Each structure stands twice: as C-alpha cells, then as structure tokens.
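Engineer: For any residue, its number in the working numbering is found by taking its place in the sequence shown, counting from 1, and adding 150. Every residue, glycine too, gets a C-beta built ideally from N, C-alpha and C. Just so you know, these numbers come straight off a predicted model, no measurement behind them.
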Amino acid sequence: MHPRPDRELAVAYLDGTVAPGPLSDEAARLRDEGHGRTVTYSRKVFIPLTTLCRDTCTYCTFAKPPGAGGMYLEPDEVLAVASAGDAHRCTEALFTLGDRPEARWRQAREFLSEHGHSTTIGYVEEMSQLVNTETGLFPHANPGVMTTDEMTALRPSNVSMGMMLENISARLMEPGMPHHNCPDKDPAVRMDAIEAAGRLRIPFTTGILVGLGETNEEIVDSILAIGEAHARHGHIQEFIVQNFRAKADTRMRGHAEPIPAWFARVVAVARWLLGAEMNVQVPPNLTERFETYLSAGINDWGGVSPLTIDWVNPEAPWPHLDELTARTRAEGFDLLPRLPVYPEFIDRSWIDPGLIDKVESAIDDRGFAVAPQMEGTS
Ligand code: SF4
151 MHPRPDRELA VAYLDGTVAP GPLSDEAARL RDEGHGRTVT YSRKVFIPLT TLCRDTCTYC
211 TFAKPPGAGG MYLEPDEVLA VASAGDAHRC TEALFTLGDR PEARWRQARE FLSEHGHSTT
271 IGYVEEMSQL VNTETGLFPH ANPGVMTTDE MTALRPSNVS MGMMLENISA RLMEPGMPHH
331 NCPDKDPAVR MDAIEAAGRL RIPFTTGILV GLGETNEEIV DSILAIGEAH ARHGHIQEFI
391 VQNFRAKADT RMRGHAEPIP AWFARVVAVA RWLLGAEMNV QVPPNLTERF ETYLSAGIND
451 WGGVSPLTID WVNPEAPWPH LDELTARTRA EGFDLLPRLP VYPEFIDRSW IDPGLIDKVE
511 SAIDDRGFAV APQMEGTS
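1. Once the 5 residues before and after GLU158 are set aside, which same chain residues still bring their CB inside 6 angstroms of it?
2. Give a yes or no on contact between the region 261-280 and the region 439-452, applying the rule of three or more CB pairs nearer than 8 angstroms.
3. Could you tell me if the beta carbon of ALA213 falls within a distance shorter than 7 angstroms of some heavy atom in the ligand SF4?
4. Between THR206 and the ligand SF4, is the CB less than 7 angstroms from at least one heavy atom?
5. Taking 7 angstroms as the cut-off, is the CB of GLY294 close to at least one heavy atom of the ligand NAD?
6. Assuming ASP460 contacts PHE196 under a Cβ cut-off of 8 angstroms, what Cβ separation, rounded to an integer in Å, is found between them?
7. Given this structure, state the Cα-to-Cα distance separating LEU262 from ALA396, to the nearest angstrom.
8. From which residue to which residue does the beta strand (DSSP E) around TYR492 run?
9. Is ASP249 near the ligand SF4 - that is, is its Cβ less than 7 angstroms away from at least one heavy atom of it?
10. Using a Cβ-based criterion (distance less than 7 angstroms to any ligand heavy atom), does ASP399 qualify as near the ligand SF4?
11. Among ALA162, TYR191, ASP182, ARG179, which one has its Cα closest to the Cα of ASN435?
12. Pull up the CB-CB distance for ALA375 and MET327, whole angstroms please, since I reckon it's below 8 angstroms.
13. What residue range does the alpha helix (DSSP H) around TRP412 cover?
14. Taking DSSP as the reference, what is the three-state secondary structure of PHE518?
15. Tell me, to the nearest whole angstrom, how far the beta carbon of ALA232 is from that of ALA243; I am working on the premise that it is less than 8 angstroms.
16. Provide the residue(s) that pair with ILE358 in DSSP beta bridges, ordered along the chain.
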C-alpha cells in the first residue's frame, strides 16, 4: 500500500532521494480509479485577443510592445478565427491574452476607447459574447488575473475560465527572477483570483509552470495550495502541469529545461497529491513523451487545435490528432473529445443558465463532446 499524500515524501520524490517507482505506480492507479482508461482533449481554436501585456516575464515570447507587433484583434478577426474553428468542428474558443495592457500602454487605452471599453477584460466579455452567439464554439477566457466583478461579467459567455498559478513562491518576483516587475504574477494575487472563482462557482483551470528556477519544495507547495483551494470550493476542473521551454529570443534562452524523466515525477506527484478525481493535464505539444506522461497519471491532453498555432509556444506545433489518438490508444486508453468544461461540471450550479442548453446539445450521454469524424479532420 502506497503512503498517503505527504509533503515531505513528495519533496523527496522530486529530490530523487526516494526511488520513484512506487510513486509512478500509485499515480497510474489513482488515474485509473478516477477516470478509468479514458483520456480527453479539447478541440479548440486559439484567439490571441491581444499580444500587449503590462508584464515582462523573462521566458515569454507571446507579449510584444506596440512597435514590435503588440496589437489587439478586431471583432471581425475574432469571428473569422472562431468561424473557421466551427467549420473544423472545434468546440473551444480559447481567449488567451496579455495581462491588463491598458495599465502600461497608451496604444491599448486608445484601442479600447475606440471600441467602447476602458479595460481589456471588458473587450474579452464582448468578444466572448460574440463568439458564443455567432458560432457553435464555447468560449474559455484565460485573460490573466481577474477580479470578482470581471469574472461575474464573463460568466454568462464562458463555460469555464482559467489562469495558471505557475508557482506559489513570491521569490520568483525578486530581482533577477522570471517574474520580477510582473505585478500579475504575484502568487497572492493569483490565489485570490482562484479563490474568487471558487466562490462564484466557476469551473476553473489552473496549474503550474515547472522549471522557472523554483525549488522542489516550492513545486510541492504550489500543488498543495491549489489542492486546498479545490478542497474549499470544488471548482478546479483541471490541473495543468506545464514544462518550461527555453525560447531563443528571451532572457531565459540559456536556462535548462526540465528533463522528461524528472518532469514525469512532478506529474505523478501532482496526481498523488490532488487525488483520483482531479483532471491532470500535460500539454502534448510541449513534449514528445506522450507514453511517459500517460504512465505518470494524466487523463487529459488539454486543448489541441487542428487550425491555429499555440501562440504562447509558437515553436511547438500541436500533434496531429490522428497521431495523438493512435499513441494514446496504443497505451490502452480511449481518447475522447470534451468541451472546455469537463463532464462533472455540466449542471446548472456550475454553468450559467444562458449557456446550459447549448452545452447539453453538444455532449453525449456521458458529458463528452459529440465526437467529430477523425479521418481527415486534423
Ligand atoms: S507570460 Fe503572460 S503575463 Fe507574462 S509577459 Fe507573457 S503574456 Fe504577459
């Protein structure tokens, strides 16, 4: 019998002072207990509503200043991407964007004013309403830190929302560290937003970014903090374990990336600490090691797009869905499409009443997305 979740043992697994075999076995057992042999993914389009951002994370290539490509998408551009996704039988419109650029950039304030808004999140609200009304897609807003009022305003058009915690350690904001001068990466601010989402009963996506220079204790404490918020509210619909990738044109280009065998231990520790029921995800475009992470206890591959690039990791193409399906099946799993809200959150207590009919018309009797024809669609 494997020991119950324990902080010190979790750190020891990551330190390598305890052999990882029992951890890996326990993580796979817990995944099978909670999810059987079903692995999911969300068929999505990526809508980078603005690449302007007030923060300067030292690993980021998504954010750009106004003179170097930082911009907003116009409503017709948003609708064009979403409509193309509709035509490719996508179900998720992922709105990912820079954090509160109007606090830093005059050009952001001007764009928003010309479009009748004073905040970027106000514009997200209008665009997610547009996509929700005009297409069959379900918006999932990932606009950085949100206030309670902002999440309340987004709820009628978003079946779920998300924001990575990344790490619970304020040490990463010190001079020389990746989140220095990034007010939106303050872990206390991010945990407040995660708590607020729970109070509002919003199915919420979060997770950790691994390899930023954090300690193993800080990784474990980050997982535990999210687990505690979930214990209070029950709202964490998925936990993403994302590996840092060193991008050529960033200040962290020479920083070591996590070694896959060790990163798999982080995945297994997350499954062990968060339990059988949690949906644990590794983004498949940031690794070649699909089989390794299935063995480490994941049950979800996250959003995969047949159409748009990963704007946050543009160097990393999505795997072809046929390949993802074949390799997942070869490990003994079914790969099923889901909406950007997981089946266990599909009821009127979690989803805005104005969205529930649309959701129910898009799922099968188990709550998964009505499967697209796979052949020739990816
Ligand atoms: S990682 Fe996010 S918050 Fe940081 S600079 Fe990039 S877009 Fe902004």
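Structural biologist: According to the data block:
1. Against the sequence shown, residue 158 aligns to sequence position 8. So the list is empty, once near-sequence residues are dropped.
2. Contact between the region 261-280 and the region 439-452 is absent: fewer than 3 CB-CB pairs across the two stretches fall below 8 angstroms.
3. Position 63 of the sequence shown holds residue 213. Yes, Cβ of ALA213 sits closer than 7 angstroms to a heavy atom of the ligand SF4.
4. On the sequence shown, residue 206 is found 56 positions in, with the first residue counted as 1. The answer is yes for THR206.
5. As for the ligand NAD, it is missing from this structure, which binds only the ligand SF4.
6. Taking the first residue of the sequence shown as position 1, residue 460 is located at position 310. Taking the first residue of the sequence shown as position 1, residue 196 is located at position 46. ASP460 to PHE196, Cβ: 6 angstroms. Contact.
7. To locate residue 262, count along the sequence shown from 1; it is residue 112. To locate residue 396, count along the sequence shown from 1; it is residue 246. Rounded to the nearest angstrom, the two C-alpha atoms are 33 angstroms apart.
8. Your numbering for residue 492 matches position 342 in the sequence shown. Note, TYR492: premise wrong, no beta strand (DSSP E); not H, not E.
9. As a first step, residue 249 is located in the sequence shown; it is residue number 99 there, counting from the start. Yes, the Cβ of ASP249 comes within 7 angstroms of a heavy atom of the ligand SF4.
10. As a position in the sequence shown, residue 399 is number 249, starting the count at 1. Checking every heavy atom of the ligand SF4 against the Cβ of ASP399, none is found closer than 7 angstroms.
11. Locating residue 435 in the sequence shown gives position 285, where the first residue counts as 1. When only C-alpha atoms are compared, the closest one is TYR191.
12. Counting from one through the sequence shown, the residue named residue 375 turns up at place 225. Counting from one through the sequence shown, the residue named residue 327 turns up at place 177. Actually they do not touch by this definition, with Cβ atoms about 19 angstroms apart.
13. To locate residue 412, count along the sequence shown from 1; it is residue 262. Bounds of the alpha helix (DSSP H) holding TRP412 are 410-424.
14. Looking up residue 518 in the sequence shown gives position 368. Coil, per DSSP.
15. Against the sequence shown, residue 232 aligns to sequence position 82. Against the sequence shown, residue 243 aligns to sequence position 93. About 5 angstroms separates the two Cβ atoms, so the contact holds.
16. Mapped onto the sequence shown, residue 358 falls at position 208. Paired residues: GLU316, VAL391.
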